[in-house]
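Trainee: Sharing a structure below in structure tokens format, with a few things to ask.
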Amino acid sequence: MFLPIILEIARHTNRSPSRLLMPMAYGTLFGSMIPLIGAPTFLIIQDTLIAANLPPLTFFKMAPGGLLILITSIAYIVLIGRRFLPDRQPRKMLTDTDPMHEEISQDQYFLQERLALLIVNHDNPLVGKTLAESRIGQALGLTVLSIKRKHHQIVQISTDTVIEAYDQLLVLGRLDRIDELCQRPFFIVEDQRPVAEQLVTEGLVLAELLISPDSLFAHKSLKEINIRHQHQINVLGIQQGEIIRRTNLQRVIILPGDRVLIEGPQESISKFCQQPGYCQLGIEGLSKYMLDEHLLTIRVPEESSLVGKTLNESRLGSAYGITVLRVSRNRAEVNLTNSNFKIYAGDVLIVEGRHTDIEVLRGLQSLKVIPNVEADLEELTSSSTQMVEVMLSPYSKLAGKTLREAHFREKYHVTVLAVWRGDRVLRSALGDLTLQHGDALLCFGPVENLKEMGRERDFVVLKMDLQEQPLLKKAPLAAAIVVGVALLALIFDIPIAITAIMGCALMVLGGALTMENAYESIDWSLIFVLAAMLPLGYAIQDTGAAAVVSNWMVDLVGGFGPSAVLAGLMVLVIAAKFFLPAPVLTAIMAPIALNTAYALGVSPNTFMLGMAYALTASFISPLSHSVNMMVMTPGSYRFSDYIKQGLPISIIVILVSTLLLPLIFPF
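Numbering (our numbering), first residue to last: 42 to 708.
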């Protein structure tokens, strides 16, 4: 919520965002140390105390220590720490632009370097095909920005936009693939068509698998499984209900109930023999797949760009939907499952594909390319179409997925022009780029669709007027409910879980929140992580592992008093956060802190609170908390910046916990 606000403040005050964003991120972490619901780690510690038959934490039990840490840390940042904040002038963000127009300059992402024009002649096989069918994005890694057709510009394009004769396509991306494709012949299609019987040779087995819910294939694509290299088998066809797919199989999501036609050496196929639904096939079993209609023989000429490449590098399957089934070299069969296999000049390949796939390839080869086009991208924007910078939120489910896997363009109807990651701009083959937290996506599309993205929890749209507008009329009600929830938990000692549920119900009944928004805001992954971590904590306690570590720590520094032992545990926790996520570390360290307090014969309150603060002190690494990752790109921070600023604050957390906490909660 505060990210675009801080960027706007930086622009209005002519300050570098790097001077403001890290203190903002740390401020959110300081705030999470005050209430019980501030961090998931507190809830795990709460459960540990309950399991040990100790009084649970009250809603504001964390507040005294949290406020002390907050005050001393802010004082440090204001008086000393600000001197260590970088003062970099990063690439311009959306909020750096003219407030009257708010267009993004193409220079901000260096887009001009990758602009080109593709001209479609009247006899090009791509005429009449949609952009998705043309494979301009999938095969060439290019993004189509607009189409100039008969003296007018088409800006709002989609994957279903049909290409017409003499269209001029303004594209963004590297041109090396299309140069490689146009300058040298890819392969030559032979007149003689192969038949399915040629697929059945000595040493190779054909089989059909009925996919069960627990199958290796279920809910995955062949690209994810990497089946040829991982299992040394080919997939020749997939039957989904009444539909039989024989080409473009790489991205088909295989579902339980599907039938998959596989082929490979006996030793590879035998791995699947014990699976339910396995059935070995002969020639007669191939008839329903009608493979003959899609088998082609191609020859690789000497000047082909395929020479010297592996099948993965050739991208015949992923880019063009062509599956290589057999390779003959000097009239001898070549083993395709060998990881070192490369295509040689003169190789004859039996492939599974459609003539339309070959036509698309020829169409791409026939495109006229005009590189280094001088085009002003701001002319493509209007009151209805804009370029906007969007970041993945900490809750985004898109992290770890590619844009293609997320069906980004089909779902949001906007185009991703570039991705800013760290200090690099990525502008080519974006469809296959795996997204990460902290990525900034330059999106181009209709304003209404961009506003829809602003309402999604997956994104933070860095433009105020495109974000979801708050229900200001309901703000007093929402604030009153939040305060009421806290007061009920504080005054009447009602468990926070009960008061929070009551508060949510009142929010919905009062119209401040819809049931849909309430459901979407639940982080189910966090709930499952917490549920999984609690048994881990019990296991550490019951097996005696917690006692071993606590005794080791007491023997090491116990002679210096309980405060020294607490400091040692906190240092151990902060160091371990480089490698382990906070919920996992909490489940491990909470029983250890409890056993250490017992071993010293002191009250466990101070030890458990100290552990809670240390586990929340995610300051010295961008990877230790998602909020640190979110500000890394817009603030142009480096890893060392987090250490310079975060290490002293982590020391403050340890000092406050070991020196001042015992005064509030005596040992």
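Cβ atoms here follow ideal geometry from the backbone N, Cα and C, with glycine treated the same way. None of these values were measured; they are calculated from a predicted model.
(1) In the DSSP assignment, find the unbroken beta strand (DSSP E) run with Arg-215 in it and report its ends.
(2) Kindly indicate which three-state DSSP category Asn-275 falls into: helix, strand or coil?
(3) Look at the Cβ atom of Ile-252, then the Cβ atom of Asn-275, and state whether they are nearer than 8 angstroms.
(4) Is it a yes or a no for the region 442-459 touching the region 188-196, going by three-plus beta-carbon pairs under 8 angstroms?
(5) Are the beta-carbon atoms of Ser-345 and Arg-225 separated by less than 8 angstroms?
(6) To which residues of the same chain is Asp-398 closer than 8 angstroms at the C-beta, ignoring the five residues directly before and after it?
(7) Quick one: grab the DSSP three-state call for Gly-318.
(8) For the region 515-558, which segments carrying the alpha helix (DSSP H) assignment without a break, of at least 4 residues, lie completely within its bounds, in sequence order?
(9) Can you find the residues in the same chain that come closer than 7 angstroms, C-beta to C-beta, to Gly-298, ignoring five residues on each side of it along the sequence?
(10) Which residues in the same chain as Leu-408 place their Cβ atom closer than 6 angstroms to its Cβ, once the five residues preceding and following it in sequence are excluded?
(11) Any idea if Ile-188 is buried or exposed, counting beta-carbon neighbours within 10 angstroms, 16 or more meaning buried?
(12) So for Met-331, helix, strand or coil by DSSP?
(13) Have a look at Asp-473, Ser-681, Val-392 and Gly-525 and flag the residue whose alpha-carbon is nearest the alpha-carbon of Gly-441.
(14) If you draw a straight line from the C-alpha of Leu-664 to the C-alpha of Val-625, how long is it?
(15) Comparing alpha-carbon positions, which option in Thr-200, Val-301 and Val-246 lies nearest His-448?
(16) Among Gly-358, Leu-247 and Ile-85, which residue has its Cα nearest to the Cα of Ala-628?
(17) Assuming Pro-45 is part of the alpha helix (DSSP H), what are its boundary residues?
(18) If you count every other CB in all the chains shown that lies within 10 Å of the CB of Phe-100, and 16 or more means buried, which is it?
(19) Measuring straight from C-alpha to C-alpha, what distance separates Ile-690 and Met-594?
(20) Enumerate in chain order the residues of its own chain whose CB-to-CB distance from Ala-640 is below 7 angstroms, with the five nearest sequence positions on each side excluded.
(21) Give me the Cβ distance between Thr-82 and Leu-635, rounded to the nearest whole Å; I'm assuming they're in contact under 8 angstroms.
(22) One question on the structure: do Val-365 and Val-392 come within less than 8 angstroms of each other, judged by their Cβ atoms?
(23) Given this structure, state the Cα-to-Cα distance separating Pro-166 from His-272, to the nearest angstrom.
(24) Using a Cβ-Cβ cut-off of 6 angstroms (strictly less than) and excluding sequence neighbours within five positions of Ile-310, which residues of its own chain qualify?
(25) Give me the Cα-Cα distance between Pro-342 and Leu-332, rounded to the nearest whole angstrom.
(26) Under 8 angstroms, Cβ to Cβ, is there at least one residue of chain B near Glu-354?
(27) Could you name the residues of the same chain whose beta carbon sits closer than 6 angstroms to that of Gly-599, not counting the 5 residues immediately before and after it, in chain order?
(28) Threshold first: 3 residues or longer. Then list the beta strand (DSSP E) segments lying entirely within the region 440-490, N to C.
(29) Report the rounded CA-to-CA distance for Ala-530 versus Gln-87, giving the unit in angstroms.
(30) Write down the C-beta distance between Leu-336 and Pro-235 rounded to the nearest angstrom, noting that I regard them as a contact closer than 8 angstroms.
(31) Hey, Gln-686 and Met-63: beta-carbon distance below 8 angstroms or not?
(32) Say whether the region 429-446 touches the region 110-126, bearing in mind that this needs 3 or more beta-carbon pairs closer than 8 angstroms, one atom from each stretch.
(33) Using only the alpha-carbon positions, how far apart do Leu-613 and Ala-655 sit?
(34) Quick check on the DSSP output: the beta strand (DSSP E) that includes Thr-647 runs from which residue to which?
(35) Is Gly-358 helix, strand or coil when you go by DSSP?
(36) Given Glu-395, which residues of its chain have a CB within under 7 angstroms of its CB, disregarding the five upstream and five downstream residues?
Mentor: Judging by the given coordinates:
(1) Element bounds for Arg-215: n/a, residue is neither H nor E.
(2) Note: Asn-275 maps to strand in three-state DSSP.
(3) No, the Cβ-Cβ distance between Ile-252 and Asn-275 is not below 8 angstroms.
(4) Counting Cβ pairs under 8 angstroms, fewer than three are found: no touch.
(5) Taking 8 angstroms as the cut-off, the Cβ atoms of Ser-345 and Arg-225 count as close.
(6) Taken in chain order, the residues that qualify are Thr-288, Asn-289, Tyr-361, Gly-362 and Ile-363.
(7) The three-state secondary structure of Gly-318, taken from DSSP, is coil.
(8) Counting whole runs of 4 or more residues, the region 515-558 contains the alpha helix (DSSP H) stretches 516-532 and 537-550.
(9) The residues are Ile-252.
(10) Cβ within range, chain order: Leu-159.
(11) Looking at its Cβ environment, which holds 16 or more other Cβ atoms inside 10 Å, Ile-188 is buried.
(12) Under the three-state reduction of DSSP, Met-331 is assigned to coil, being neither helix nor strand.
(13) For Gly-441, the nearest C-alpha among the options comes from Asp-473.
(14) The alpha-carbon atoms of Leu-664 and Val-625 are separated by roughly 15 angstroms.
(15) His-448 has its Cα closest to that of Thr-200, out of Thr-200, Val-301 and Val-246.
(16) Considering only alpha carbons, the answer is Ile-85.
(17) Note, Pro-45: alpha helix (DSSP H), 43-53.
(18) It counts as buried.
(19) Going from the Cα of Ile-690 to the Cα of Met-594 covers about 24 angstroms.
(20) Exclusion of the five residues before and after Ala-640 leaves Ser-591, Asn-592 and Val-595 as the residues of its chain whose Cβ lies within less than 7 angstroms of its Cβ.
(21) Contact check for Thr-82 and Leu-635: beta-carbon distance about 14 angstroms, past the 8 angstroms limit, so the pair fails to qualify.
(22) It is a contact, given that the beta carbons lie within the stated cut-off.
(23) In a straight line, the C-alpha of Pro-166 is about 37 angstroms away from that of His-272.
(24) Excluding sequence neighbours, Ile-310 sits near Val-246 and Ala-248.
(25) Distance between Pro-342 and Leu-332, taken at the CA atoms: about 26 angstroms.
(26) No chain B is present in this structure, which holds just one protein chain.
(27) The beta carbon of Gly-599 sits closer than 6 angstroms to the beta carbons of Val-606 from its chain, once the five residues preceding and following it are set aside; these are given in chain order.
(28) As far as the region 440-490 is concerned, its whole beta strand (DSSP E) runs of at least 3 residues are 456-462, 465-467 and 481-487.
(29) Rounded to whole angstroms, the separation of the alpha carbons of Gln-87 and Ala-530 is 15 angstroms.
(30) Indeed, because the Cβ distance is near 5 angstroms, the residues count as touching under 8 angstroms.
(31) A contact, by the Cβ cut-off of 8 angstroms.
(32) No contact exists between the region 429-446 and the region 110-126.
(33) For Leu-613 and Ala-655, the gap between their C-alpha atoms comes out near 9 angstroms.
(34) It is not in any beta strand (DSSP E) - Thr-647 instead sits in the alpha helix (DSSP H) that spans 645-657.
(35) It is helical.
(36) It should be pointed out that residue 395 corresponds to Arg in this sequence rather than to Glu. Sequence-distant partners of Arg-395 (beyond 5 residues in either direction) whose C-beta falls short of 7 angstroms from its own C-beta, in its chain, are Thr-288 and His-335.
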